[in-house]
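Participant: Residue numbers (full-length UniProt numbering), protein chains in the order written: chain A, 1 to 308; chain B, 1 to 312.
Glycine is no exception: its CB is placed at the ideal position from the N, C-alpha and C atoms.
Before we start, here is the structure in question, set down as structure tokens.
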């Protein structure tokens, strides 16, 4: 039986690949796609999602979400994703249109109408998810789990202590981590091990078909930024959160207590992981630390075959 | 040439071992003075302990009392680790040594002037005294060759998930020191947690009698029991001794230069040494961060220390 999921994302190169991975999986049934601002503005991330899904001939309800974080001004990442948020491949205009509901209304509708509990897979800032939790507390129990890309036990990528998605909307992250909903946190600890090398990009391209070629082009653009910053491959962040839902055996996690820092000067947006359990607080997240990289790449290659 | 050093300390059981270690290498270190600070226990206790520890090994040094509390915050102590007296179950004879008439920061200043740029500081407690020295004598920066400190952590804390005790007690002082421009070597938990002393190491070190063997045995066994209880660890950790070891022989630690900021305001993270591991800030490195230690060579150094004290 397929696991019903909702993708919440801000495409974004790795978000786009996460979407394609989710829709290709015979383990998942993607019920909806909701869009958040982050890697680029809401206008751009929404357009990117619609263009990618149209290009891959995917029909799914897509809803516009938050324009900005709950309390802060939006930070975007053009240095990583380009001015469009999805620079690299030439994609035609979208044929798919967004639904008339907002992101949180769409999530609520899907959750309410489903007999099974829904898994949320957010790969951007947690603004939509936090809003959903605030606005529909009665539906919280129908969420199976949140498997998110964000945070880091050690280090950061947008500040020394914070990962981008959490830093963009730390208050939203705080709401999500305190919600009581089971969380899997795929942060930099694992995503910096989910590296894609040049030969992996060629393997994906050689699957053939326009989607595989587009993904290869996305990865090539994504690699440029990471090569310049000293990585040997590109950490393919967002697909990790999807990969864990498809096959949790390829990712190692540890159940730990995680707090979100919402006030630090140097540490704003840090996911404070109590690795040694010094606080003796309830463990609220499965924190991912390692991934079987080979199996992860195989999973991506298999997904591309779906679109041949 | 011997390195003239001042040890700023809050004894503290691991401070005690650090002091023993420092005085055991008189060909390498010239301990010009000891300045005491509130931290593990209050400053009257840490000063008393410093006098008694130095007296116990028959040495002498200028021992100057420092700040009774952190710059801005109220004092937090660690009696659960170090006991009420600061030396756990160790009871030392009260020594006849008197503490120096000057205050900690004035002694540091006096020695820094006298050594004209050669003086190094080994800071084993909260950095309050060093910060006050910098506030009172801003020009002293050029006259201090280096501060090697036990404190902070690149990865994980001990008193909170993010913070190590010495920095957590006085983050404002740590911030002043880290931003001072004085070369800093940070020997934090990343390194000290590798300097594990297992039961058999403890037996080996303390099997032959000398002036410190009994004291050392009590300290290490007590800490072993503590580590077992709180961390499930089968080893004692003598954080401060690792910082002294790193001054005696800098090659025993693996280190890398990073930009490090001290968090002063975070609700969950204050007292964290924020190490820019992925170089996202582009700020130039201000700290040499110890990431590891050669455990066996550290133990060798302790063995050598025990031999030295046999001759006393």
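By the criterion of Cβ-Cβ separation under 9 Å, what are the contact partners of residue 160 of chain B in chain A?
Facilitator: Near residue 160 of chain B (Cβ distances below 9 Å), the residues of chain A are 272, 274, 278, 279.
Participant: Beta-carbon separation of residue 289 of chain B and residue 256 of chain B under 8 Å?
Facilitator: Closer than 8 Å, so yes.
Participant: Do residue 70 of chain A and residue 169 of chain A count as a contact pair if the criterion is CB distance below 8 Å?
Facilitator: Taking 8 Å as the Cβ cut-off, residue 169 of chain A and residue 70 of chain A qualify as a contacting pair.
Participant: Looking at chain B, is there any beta carbon in it that lies within less than 8 Å of the beta carbon of residue 160 of chain A?
Facilitator: With 8 Å as the cut-off, residue 160 of chain A counts as an interface residue toward chain B.
Participant: For a contact defined as C-beta to C-beta under 7 Å, what are the partners of residue 253 of chain A on chain B?
Facilitator: By Cβ distance, chain B contributes nothing, its closest Cβ being about 17 Å from residue 253 of chain A, past 7 Å.
Participant: Quick one: is residue 228 of chain A buried, meaning 16 or more other Cβ sit within 10 Å of its Cβ, or exposed?
Facilitator: By the 10 Å Cβ count, residue 228 of chain A comes out exposed.
Participant: Here's a check: name, in chain order, each residue in its chain whose Cβ is nearer than 7 Å to the Cβ of residue 139 of chain B, leaving out the five neighbours to either side.
Facilitator: Cβ within range, chain order: n/a, list empty.
Participant: At the 8 Å Cβ level, is residue 281 of chain B part of the contact set with chain A, yes or no?
Facilitator: Residue 281 of chain B counts as touching chain A.
Participant: So with Cβ pairs under 8 Å, would you call residue 269 of chain B a contact of chain A?
Facilitator: Taking Cβ atoms only, chain A reaches closer than 8 Å to residue 269 of chain B, which makes this a yes.
Participant: Would you give the residue range spanned by the alpha helix (DSSP H) that residue 15 of chain A belongs to?
Facilitator: Run containing residue 15 of chain A: 13-24, per the alpha helix (DSSP H) assignment.
Participant: Please list the terminal residues of the continuous beta strand (DSSP E) segment that includes residue 257 of chain B.
Facilitator: Looking at the DSSP string, the run of the beta strand (DSSP E) that includes residue 257 of chain B is 253-258.
Participant: Measuring alpha carbon to alpha carbon, tell me which of B:47, B:108, B:173 ends up nearest residue 19 of chain B.
Facilitator: Checked all of B:47, B:108, B:173; the closest Cα to residue 19 of chain B is B:47.
Participant: Using 8 Å as the threshold, is the C-beta distance between residue 29 of chain A and residue 4 of chain A below it?
Facilitator: For residue 29 of chain A and residue 4 of chain A, yes; Cβs fall inside 8 Å.
Participant: If you run the structure through DSSP and keep just helix, strand and coil, what is residue 147 of chain A?
Facilitator: Strand at residue 147 of chain A.
Participant: Among residues of its own chain, excluding the 5 on either side of residue 303 of chain A, which ones have a beta-carbon nearer than 8 Å to its beta-carbon?
Facilitator: Correct list, in chain order: 20, 21, 24, 25.
Participant: Look at the alpha carbon of residue 167 of chain B and the alpha carbon of residue 240 of chain B, and state the distance between them as a whole number of angstroms.
Facilitator: Cα to Cα, the separation comes out at about 14 Å.
Participant: Go ahead and pull the three-state DSSP assignment for residue 192 of chain B.
Facilitator: It is helical.
Participant: Check residue 261 of chain B in the structure and name its three-state DSSP category.
Facilitator: Of the three classes helix, strand and coil, the one that applies to residue 261 of chain B here is strand, per DSSP.
Participant: Going by C-alpha to C-alpha distance, which of B:41, B:86, B:57, B:92 sits closest to residue 69 of chain B?
Facilitator: Closest by alpha carbon: B:41.
Participant: What's the gap between the Cα of residue 204 of chain B and the Cα of residue 93 of chain B?
Facilitator: Distance between the alpha carbons of residue 204 of chain B and residue 93 of chain B: 26 Å.
Participant: Between the alpha carbons of residue 181 of chain B and residue 262 of chain B, how many angstroms are there, rounded?
Facilitator: Whole-angstrom Cα-Cα distance: 14 Å.
Participant: Could you check where the beta strand (DSSP E) with residue 64 of chain B kicks off and where it finishes?
Facilitator: Residues 62-65.
Participant: Out of B:269, B:253, B:213, point me to the one whose CA is closest to residue 148 of chain B's CA.
Facilitator: Among B:269, B:253, B:213, the Cα nearest to that of residue 148 of chain B is on B:253.
Participant: Throw me the rounded Cβ distance for the residue 267 of chain A and residue 266 of chain B pair, which I believe falls under 8 Å.
Facilitator: About 4 Å; that satisfies the 8 Å criterion.
Participant: Return the bridge partner residues of residue 153 of chain A from the DSSP annotation.
Facilitator: In DSSP, residue 153 of chain A forms no bridge with anything.
Participant: Starting from the beta carbon of residue 155 of chain B, find every residue of chain A whose beta carbon is closer than 7 Å, and list them in chain order.
Facilitator: Result: 154.
Participant: Hey, is residue 157 of chain A's beta-carbon within less than 8 Å of any beta-carbon in chain B?
Facilitator: Cβ-Cβ to chain B under 8 Å: yes for residue 157 of chain A.
Participant: Name, going along the chain, the residues of the stretch 247-279 of chain B whose beta-carbon falls closer than 8 Å to a beta-carbon of chain A.
Facilitator: If the cut-off is 8 Å between Cβ atoms, the stretch 247-279 of chain B has 259, 261, 262, 263, 264, 265, 266, 267, 268, 269, 270, 272, 274, 275, 276, 277, 278, 279 near chain A.
Participant: For the 8 Å Cβ check, are there 3 or more pairs between the stretch 144-155 of chain A and the stretch 81-100 of chain A?
Facilitator: The stretch 144-155 of chain A is not in contact with the stretch 81-100 of chain A.
Participant: Hey, is residue 265 of chain A's beta-carbon within less than 8 Å of any beta-carbon in chain B?
Facilitator: Closer than 8 Å to some Cβ of chain B, the Cβ of residue 265 of chain A qualifies, so yes.
Participant: Who are the near neighbours of residue 191 of chain B in its chain, counting only those whose CB is closer than 7 Å to its CB and skipping five residues on each side?
Facilitator: Once the five neighbours on either side are set aside, the close Cβ partners of residue 191 of chain B are 242, 253, 290, 291, 292, 293.
Participant: Give me, in chain order, the residues of the same chain whose beta-carbon lies closer than 7 Å to that of residue 246 of chain B; leave out the 5 immediate sequence neighbours on both sides.
Facilitator: Around residue 246 of chain B: 148, 185, 187, 252, 253, 290.
Participant: Check this for me: beta carbons of residue 238 of chain B and residue 17 of chain B, under 8 Å apart or not?
Facilitator: Yes.
Participant: Quick check on residue 104 of chain B - is its C-beta less than 8 Å from some C-beta in chain A?
Facilitator: No, its Cβ sits nowhere closer than 8 Å to a Cβ of chain A.
Participant: Near residue 217 of chain A, what residues of its chain come up, given a Cβ to Cβ distance below 8 Å and the 5 sequence neighbours on each side ignored?
Facilitator: Counting only Cβ-Cβ distances below 8 Å, and skipping sequence neighbours, we find 88, 89.
Participant: One question on the structure: do residue 313 of chain B and residue 177 of chain B come within less than 8 Å of each other, judged by their Cβ atoms?
Facilitator: Residue 313 of chain B falls outside the range modelled here, since chain B spans only 1 to 312, and no answer is possible.
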